[in-house]
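Asker: If you scroll down you'll find the structure; I have some questions about it.
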Amino acid sequence: MIDLLWLIPALPFAGFLVLILAGSRLPRIVVAVLGAGSVGFSAVVACLIGIEFISSPLVKTSFTRTVWTWMSFEGFSPSTSFCLDSLSLLMVLVVTVVGFLIHLYSVEFMADDDAYHRYFAYMNLFVTAMLVLVLADNLMLLYLGWEGVGLCSYLLIGFWYKDPVNARAAMKAFVMTRIGDTGMIVGLFLLYNSLGTLEIHELMVRAVRDWPVGSVMATVAAALLLCGALGKSAQLPLQTWLPDAMAGPTPVSALIHAATMVTAGVYLIARTHELFALAPAVQAAVAVIGVATLLVAGFSALAQQDLKRVLAYSTISQIGYMFLALGVGAWSAAMFHFAIHAFFKSLLFLGAGAIIMSTHHEQNMFRLGGLRTQLPVTFWTFLAGAASLAALPLITSGFYSKDAILWYAWSSEKGSVWLWLGGVAGALLTSIYTFRMVFLIFFGEARTKVYKRPGTAMLVPLIVLAVLSMVAGFIELPHTLGDVRLFSGYLGAVLPPVPIPPGQASLEGILGIVAAAVSVVGICLAYLLFLKVPQIADRAASTLAGRALHRLWLEGCGFDWLYQRLLVFPFVTIARINRSDFIDFFYQLAAFLAEGLHQGLSATQTGRTRHYAVGIGVGALIIIGMAVWL
Amino acid sequence: MASVPMEHGLLLAGILFGLGFLGVLVRRNIVFMLMCVEIMLNAAALAFVAAGSRWAQPDGQVMFIFILTVAAAEVAVGLALVLQFYRGFRTVDMDAADRMRG
Amino acid sequence: MILVWLIVIPLAAGVLAWVVGRGDSVWPRWTALAAMVLEFVLAVWLWVDSASGALATTKLPWLLHARYEWIPELGIGFSLAMDGLSLVLVVLSAFLGIVSVVCSWSEIEEQVGFFHFNLLATVAGIIGVFLATDLILFYFFWEIMLVPMYLLIRIWGHENRAYAAIKFFLFTQAGALAMLVAILALYFLHGQQTGTYTFDYFQLIGTTLNPAASMLIMLGFFAAFAVKLPAVPFHTWLPDAHTEAPTAGSVILAGLLLKTGGYGLIRFILPLFPGSAAAFANAGMALGVVGIIYGAILAFAQTDLKRLVAYTSISHLGFVLLGVFSFNGMALQGAVIQMVCHGISTGALFVLVGLLQERIHTRDLDQMGGLWSTVPRMGGMALVFALASLGLPGFGNFIGEFLVLMGTFHTNHWMAAVAAGGLVLACVYALWMMLRGFFGAATQERNISDLSAREMLVMAVMAAAIFWLGVFPQPTIDVTVPALDGVRKVARLAGEESRTPDVAKFQQLKTGLGRTTKPMQGPGENR
């Protein structure tokens with residue numbers, strides 16, 4: 003079974019090929035079966051392979067299968083090889099299972115769209131590219147998947163291309179991630195140039211062997227890879243594309259811009275964690291960027307009116323937590339939060355999609371309200387997701403994953419109180435904006451009509467994901483609460499545990515309680531501010547400072563504004579000014595001079611015989627004169 | 483027989499040539515221009531004769547006869563051109579033919 | 002003999018097309034198509050044959066030779082030879098020849114016979130350039146391809162064709178003259194040294210030159226190749242020529258004519274003047290990087306779609322220049338792949354622009370917009386080639402750019418890092434083109450047809466080719482590796498020589514490049 007590893011990405015790719023080539027001629031039901039079915043089948047294969055892999059001794063190492071050699075000369079031979087280890091298996095399972103659920107959801111959600119086949123073709127291509135990304139055994143193939151998911155993100159953000167706003171958002175997303183990717187590809191060159199391979203496992207072995215901790219090469223290489231991760235995972239300073247990416251269909255946001263693609267950066271860092279461990283400066287930067295991002299995004303989420311934009315900022319913020327975990331060396335905690343986040347965030351997006359569909363594309367939270375009674379299933383599942391996002395203590399998965407990160411942010415050798423404080427502040431923000439969203443949409447008076455209710459194909463994924471985001475966390479519990487280590491134990495073969503300095507362990511319980519308290523306080527604050535006495539919030543927002551802050555947060559803390567003036571405007575202006583290519587001016591000048599010379603000389607050609615005769619005469623006189631006197 | 487000195491002959495030829503050339507330059511009538519060219523030709527021929535007489539060589543007179551033939555041919559071709567010119571331009575003003583102006 | 006056929010077939014078919022084209026517009030097309038298909042089949046057969054035969058067993062760079070006397074008094078011979086590099090480029094020429102015949106099927110309606118004569122004569126000249134191993138013969142073909150191309154632009158071009166055609170002619174001619182002077186200088190210097198006056202490539206390769214002369218002669222060659230490539234300060238003929246040329250002309254120009262510049266760099270500059278080229282390397286790489294960035298910025302600024310595509314060529318061929326002058330095997334290989342892939346991807350974009358112009362009678366991006374909803378198949382194809390053009394992995398261009406940058410990084414970190422910035426800019430112009438042209442709301446109601454079966458076939462074949470090159474580049478690499486090996490060794494040693502002179506070994510290797518490649522037994526075919 004495990005030899006069929008190539009089948010996991012091949013199935014969705016086959017789906018893509020059929021749909022893109024013949025999709026327009028197939029009936030919609032066939033398109034749906036092909037689109038969702040290929041991913042579903044791939045998920046089944048992934049599960050079977052996963053079971054076999056976990057129960058075999060391979061789980062402690064890895065399994066690599068080469069499909070074909072991409073190219074090979076001068077010792078450079080990246081191959082199309084897939085490598086399965088516990089980390090990539092985790093990613094594969096999340097991608098295929100969540101991917102399948104979202105495909106299933108899309109069958110109904112996109113049912114009225116004209117370009118049904120195009121949608122599923124792109125989605126299948128995305129799943130393929132994402133699977134190639136996580137299964138790649140060398141960085142060049144990983145880069146192929148990396149750009150592939152970027153492409154699908156572009157295609158799907160701009161899926162409703164008739165609105166130029168969407169097309170622009172798509173382009174922005176692609177270009178911004180490409181900026182990071184270019185840093186990453188230079189990092190690839192650096193790694194190959196110094197270590198002589200791009201095969202990830204071998205690369206890490208050689209890096210550890212050749213580079214001492216803190217060496218310049220390791221630092222630069224890690225920093226360049228980090229560029230790619232920042233772009234793809236929408237972290238500061240390359241985060242501004244993600245909120246705009248919400249222009250795509252909502253299931254796309256759920257799959258690409260919440261659950262899978264945007265966490266590729268986290269995966270990349272976890273995958274090359276040996277390299278990052280060799281560069282403490284870069285790793286510290288990862289942690290700081292993570293905290294800064296989670297705070298900036300958390301504040302921005304607080305002021306948004308658009309439901310999907312709240313979720314987008316929340317995604318940025320949650321990935322900030324993952325970066326924080328990576329930065330303090332808590333690799334498996336980051337991956338744990340990734341998995342849990344994939345469940346609850348895709349659930350929230352799918353729930354948002356259900357709301358948007360039911361209310362005829364109403365995304366403004368202030369025009370929604372009171373939907374609790376009209377959309378009960380959506381409400382309860384959304385609530386489960388929101389609770390998990392807000393890390394409601396004890397009963398939600400999100401609590402366990404976030405608590406682990408906060409604990410390591412404090413206790414790890416690389417952690418500090420400041421990182422922990424930032425994380426806790428972020429947790430408070432998270433629970434406030436999450437429940438602000440819940441209260442505005444589902445409570446209060448009804449402000450919009452419900453036109454239609456989601457059907458089975460949409461409700462089943464919601465329920466499955468809701469269950470997952472409640473219970474999935476119980477595979478990893480802190481010491482103080484049962485001490486279950488299934489997840490980190492499973493990943494232990496790839497990702498080393500966090501070294502905790504002695505004397506810290508006793509704090510774990512206290513910190514856990516603080517985190518739990520912050521979450522609950524946040525929910526209560528949200529209840530107070532946005533449901534019980536909204537006047538307080540309104541009054542605070544109407545002061546001068548309040549208005550300025552609100553404006554700043556609404557605009558995502560002004561990064562877009564800055565980039566527009568600092569980068570886009572100068573580039574466009576210079577390009578426009580130089581449209582006709584100033585270099586051509588020099589050639590035009592040469593042509594102009596030749597033209598002038600021509601004009602001057604041709605003036606002497608009067609066409610009158612007598613004038614020519616003068617010329618002859620004068621010439622003859624000059625020659626005679628020269629002959630006589632010289 | 484006191485011969486005319488060569489310098490006189492050459493001076494006369496030079497003056498004639500100059501006059502002919504001046505005529506080519508200042509006259510616009512194509513017929514007159516042709517005549518002036520004839521004068522120039524004859525001036526050159528005269529120079530040959532003068533030189534031939536100075537060195538008592540027959541070559542000068544041979545050249546004179548040769549130039550005479552050339553002049554005859556030239557007049558024939560020239561007059562034909564003049565006729566064609568007149569037909570084409572309905573004038574004998576040479577300046578009308580400046581189509582090759584730069 | 003087969004090498005001669007490769008040149009004669011298009012030329013003869015061209016004459017035939019001209020003859021049958023008097024008063025008839027269907028037969029010339031079929032004649033030209035048949036000739037190009039025959040040419041393609043022949044070239045591919047050579048590839049398959051050599052991949053399984055000569056290449057696999059001997060590992061010698063040269064696959065075929067053909068040598069005939071031409072003007073023996075002056076040491077000029079009609080000598081052709083083919084190695085992996087020329088083979089790949091000949092296959093590309095035949096392929097793009099087919100494409101350009103098919104894409105002119107409905108575009109060209111006047112003087113069809115003469116058009117196809119010019120088209121095929123250009124292709125014949127280009128193939129001659131790729132095969133010639135006598136410098137005068139090379140120069141001869143270099144000029145041969147110029148005149149019919151001039152006529153293609155002059156007669157069948159768009160609004161501003163006279164200006165563009167003359168500009169194209171003047172630029173390339175000026176470069177070619179510099180090359181002629183350099184060829185003659187090399188001829189006389191070699192003659193003075195050895196006593197044999199010859200233009201034969203394999204003999205000239207062993208010439209020892211003093212650095213100053215070598216540098217001057219190299220710059221003469223470089224002038225011609227830099228104009229053709231085009232390297233940045235000499236590029237301004239290109240946007241005009243590409244924009245005004247008919248579609249087939251643009252395809253041949255971008256796809257093939259520019260490749261002769263890159264081919265010349267690899268075939269002549271590196272082996273003949275490795276020392277000077279090494280001394281010139283930093284300047285060459287800098288020109289390449291400037292081209293990459295500058296071309297991309299200009300492409301973004303254009304409002305004329307065809308002009309936009311034309312400027313992308315400058316950016317893409319900057320990678321070729323960079324790869325050649327970075328003196329690294331990987332980068333050199335990348336440059337070759339980049340040449341092939343650029344030929345296909347940019348050729349396809351020109352075909353698309355041509356088809357679009359046939360339908361909406363404008364190339365102005367301001368008047369487009371929202372075309373996807375009207376012509377989705379065309380939009381899809383434009384997207385595919387825009388993505389190939391921006392270097393998305395999975396397409397051949399990525400392999401080329403990746404290898405060039407990776408190799409360059411070994412030589413010069415900063416050049417590679419700055420050139421990598423070109424990837425971002427490529428992304429900006431390619432997506433901007435899609436955004437302006439195909440996305441958004443339709444600006445006006447248009448009643449135009451989507452790609453027909455014939456057009457779709459051309460596009461699909463080109464898309465498949467570029468995809469194949471991106472996923473399975475190995476066959477192309479295999480066939481070119483032996484050809485580049487010799488160049489690479491000499492070049493690498495020259496790079497080292499400029500620091501620590503080991504003249505004896507270097508000279509031995511340099512003449513060795515001529516010797517091992519010359520198993521000739523007199524005139525005639527040597528297979």
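Chains as they are written, first to last, in the working numbering: chain V, 3 to 632; chain G, 483 to 584; chain X, 2 to 528. By construction, the Cβ of each residue, glycine as well, lies at the ideal position given by its N, Cα and C atoms. Values in this document were obtained by computation on a predicted structure and should not be read as measured data.
1) Considering only heavy atoms of the ligand PLP, does any lie closer than 6 Å to the CB of Y163(V)?
2) Can you check whether the C-beta of F468(X) is within less than 7 Å of a C-beta belonging to chain V?
3) For the beta strand (DSSP E) containing V69(V), list its first residue and its last residue.
4) Count the other CB atoms within 10 Å of the CB of V1(X); is the residue buried (16 or more) or exposed (fewer)?
5) Taking 6 Å as the limit between beta carbons, can you name the residues of its chain near M460(X), skipping five residues before and five after?
6) Could you confirm whether any beta carbon from chain G is found closer than 7 Å to the beta carbon of G609(V)?
7) Since N126(V) contacts G250(V) with CB under 8 Å, what's their CB separation in whole angstroms?
8) Alpha carbons only, please: which of E359(X), T481(X), F222(X) and S251(X) is nearest the one belonging to S453(X)?
9) Using a Cβ cut-off of 8 Å, pull out every chain V residue sitting near R507(G), in sequence order please.
10) Per DSSP, W63(X) forms a beta bridge with which residues?
11) Output needed in chain order: residues of the region 236 to 249 of chain X with a Cβ under 8 Å from some Cβ in chain V.
12) For C559(V), which three-state DSSP category applies?
13) Residues of chain V with CB closer than 8 Å to the CB of M382(X), please, in chain order.
14) Which residues does DSSP pair with N511(G) in a beta bridge?
15) Could you list which residues in chain V have their beta carbon closer than 7 Å to that of F440(X), in chain order?
16) Are the beta-carbon atoms of S319(V) and A261(V) separated by less than 7 Å?
17) Taking the C-alpha atoms as reference points, what is the distance between D25(X) and L372(X)?
18) Considering only residues of the same chain and omitting the five flanking positions on each side of V288(V), which have a CB-CB separation below 6 Å?
19) Below 8 Å on C-beta distance, what does R581(G) contact in chain V?
20) Considering only their Cβ atoms, is the gap separating A256(V) from I104(V) smaller than 7 Å?
21) Taking Cβ positions only, does P520(X) come closer than 7 Å to chain V?
22) Give me the chain V residues within the contact set of I424(X), using Cβ-Cβ distance strictly less than 9 Å, ordered along the chain.
23) Between D541(G) and chain V, is any beta-carbon pair separated by less than 7 Å?
24) Go through its chain and collect everything with a Cβ distance to F172(X)'s Cβ below 6 Å, but skip five positions before and after it.
25) Express the C-alpha separation of A45(V) and A64(V) in angstroms, rounding to a whole number.
26) Exposed or buried, which one is T501(X) when buried takes at least 16 other CB atoms within 10 Å?
27) Starting from the beta carbon of Q303(X), find every residue of chain V whose beta carbon is closer than 8 Å, and list them in chain order.
28) Helix, strand or coil for S418(V)? Go by DSSP, reduced to three states.
29) Can you pull the chain X residues whose beta carbon is under 8 Å from the beta carbon of D586(V), in chain order?
30) By the criterion of Cβ-Cβ separation under 9 Å, what are the contact partners of G372(V) in chain X?
31) Short of 9 Å Cβ to Cβ, which residues in the region 350 to 384 of chain X face chain V?
32) Return the CA-CA distance between F169(X) and Y151(X), expressed in angstroms with no decimal places.
33) Kindly indicate which three-state DSSP category S327(X) falls into: helix, strand or coil?
34) In whole angstroms, what separates the C-alpha of G441(X) from that of L158(V)?
35) Using three-state DSSP, classify N524(G) as helix, strand or coil.
36) With a threshold of 6 Å on Cβ separation, who are the neighbours of V254(V) within its own chain once the five nearest residues in sequence on each side are excluded?
Answerer: Quick look at the numbers:
1) Absence of the ligand PLP from the depicted structure is noted, as is the absence of any ligand whatsoever, leaving it without description.
2) In the third sequence, the residue the question calls residue 468(X) occupies position 467. Not closer than 7 Å to any Cβ of chain V, the Cβ of F468(X) fails to qualify, so no.
3) The residue given as residue 69(V) occupies position 67 in the first sequence. Its beta strand (DSSP E) spans residues F65 to T71.
4) Nothing in the structure corresponds to residue 1(X), since chain X is present only between 2 and 528.
5) The residue labelled residue 460(X) in the question sits at position 459 within the third sequence. Cβ neighbours of M460(X) beyond the five flanking positions: M382.
6) Along the first sequence, one-based indexing puts residue 609(V) at 607. It does: the Cβ of G609(V) has a partner Cβ on chain G nearer than 7 Å.
7) Indexing the first sequence from 1 puts residue 126(V) at position 124. Indexing the first sequence from 1 puts residue 250(V) at position 248. Contact between N126(V) and G250(V) is absent: CB atoms are separated by about 16 Å, not below the 8 Å threshold.
8) The count along the third sequence starts at 1 and reaches residue 453(X) at position 452. In terms of Cα proximity to S453(X), the closest of E359(X), T481(X), F222(X) and S251(X) is E359(X).
9) Reading the second sequence from its first residue, position 25 is the one you call residue 507(G). Arg is not the amino acid found at residue 507(G); the sequence shown has Leu there. In chain order: R612, A615, V616 and G619.
10) Residue numbering aside, residue 63(X) sits at position 62 when the third sequence is read from its first letter. Listed as beta-bridge partners of W63(X) by DSSP are D84(X).
11) Correct list: H236, T237 and P240.
12) Within the first sequence, residue 559(V) is the residue found at index 557, counting from 1. Three-state DSSP puts C559(V) in coil, outside helix and strand.
13) Counting from 1 along the third sequence, the entry for residue 382(X) is found at position 381. Residues of chain V passing the Cβ test: none, with the nearest at roughly 12 Å.
14) Here residue 511(G) refers to the residue found at position 29 when the second sequence is read from its first residue. BP columns for N511(G) point to D575(G).
15) Locating residue 440(X) in the third sequence gives position 439, where the first residue counts as 1. Chain V residues near F440(X): G160, Y163, P166 and A169.
16) By one-based count along the first sequence, residue 319(V) stands at place 317. By one-based count along the first sequence, residue 261(V) stands at place 259. Going by beta carbons, S319(V) and A261(V) fall outside the 7 Å limit.
17) The sequence position of residue 25(X) within the third sequence is 24, counting from 1. The sequence position of residue 372(X) within the third sequence is 371, counting from 1. Between D25(X) and L372(X), the C-alpha separation is close to 35 Å.
18) Stepping through the first sequence from its first residue, residue 288(V) is reached at position 286. The answer, listed in chain order, is F325, L328 and G329.
19) Locating residue 581(G) in the second sequence gives position 99, where the first residue counts as 1. Within chain V, the residues near R581(G) are G609.
20) The residue you call residue 104(V) lines up with position 102 of the first sequence. The residue you call residue 256(V) lines up with position 254 of the first sequence. Closer than 7 Å, so yes.
21) Position 519 of the third sequence, counted from the start, is the residue given in the question as residue 520(X). Bear in mind that a pLDDT of 40 at P520(X), under 50, signals an unreliable position, so the number given afterwards is only what the model happens to contain. False, the Cβ-Cβ gap to chain V never drops below 7 Å.
22) As a first step, residue 424(X) is located in the third sequence; it is residue number 423 there, counting from the start. Checking the displayed sequence, the identity of residue 424(X) turns out to be Leu instead of Ile. Per Cβ cutoff of 9 Å: R180, D183, T184 and I187.
23) For the purposes of this step, residue 541(G) is identified with residue 59 of the second sequence, where counting begins at 1. Chain V contact via Cβ: absent.
24) Here residue 172(X) refers to the residue found at position 171 of the third sequence. Listed in chain order, the non-local C-beta contacts of F172(X) below 6 Å within the same chain comprise V228 and W238, local neighbours out to five positions each way being set aside.
25) As a first step, residue 64(V) is located in the first sequence; it is residue number 62 there, counting from the start. As a first step, residue 45(V) is located in the first sequence; it is residue number 43 there, counting from the start. The amino acid at residue 64(V) is misidentified as Ala; the sequence shows Ser. Looking at the two C-alpha atoms, the distance is approximately 20 Å.
26) Translated into positions along the third sequence, residue 501(X) becomes position 500. Only weak support exists for where T501(X) lies, its pLDDT of 45 falling under 50; the value from the coordinates is given anyway. T501(X) comes out exposed.
27) By 1-based counting over the third sequence, the position of residue 303(X) is 302. What Q303(X) touches in chain V: R581.
28) For the purposes of this step, residue 418(V) is taken as the residue at position 416 of the first sequence. Residue state for S418(V) is assigned as coil, using DSSP reduced to three classes.
29) Counting from one through the first sequence, the residue named residue 586(V) turns up at place 584. Near D586(V) (Cβ distances below 8 Å), the residues of chain X are T237.
30) In the first sequence, residue 372(V) corresponds to position 370, counting from 1. The premise fails here: G372(V) is roughly 35 Å from chain X at the closest Cβ pair, so nothing lies under 9 Å.
31) So the list reads G370, G371, W373, S374, P377, G380, G381 and L384, given in the order they occur along the chain.
32) As a working mapping, residue 169(X) is identified with position 168 in the third sequence. As a working mapping, residue 151(X) is identified with position 150 in the third sequence. Whole-angstrom Cα-Cα distance: 7 Å.
33) Taking the first residue of the third sequence as position 1, residue 327(X) is located at position 326. Note: S327(X) maps to coil in three-state DSSP.
34) Mapped onto the third sequence, residue 441(X) falls at position 440. Mapped onto the first sequence, residue 158(V) falls at position 156. Rounded to whole angstroms, G441(X) to L158(V) spans 14 Å at the Cα level.
35) The residue labelled residue 524(G) in the question sits at position 42 within the second sequence. In the structure shown, N524(G) sits in a helix (DSSP, three-state: H, G or I).
36) Translated into positions along the first sequence, residue 254(V) becomes position 252. These residues qualify, in order along the chain: L158.
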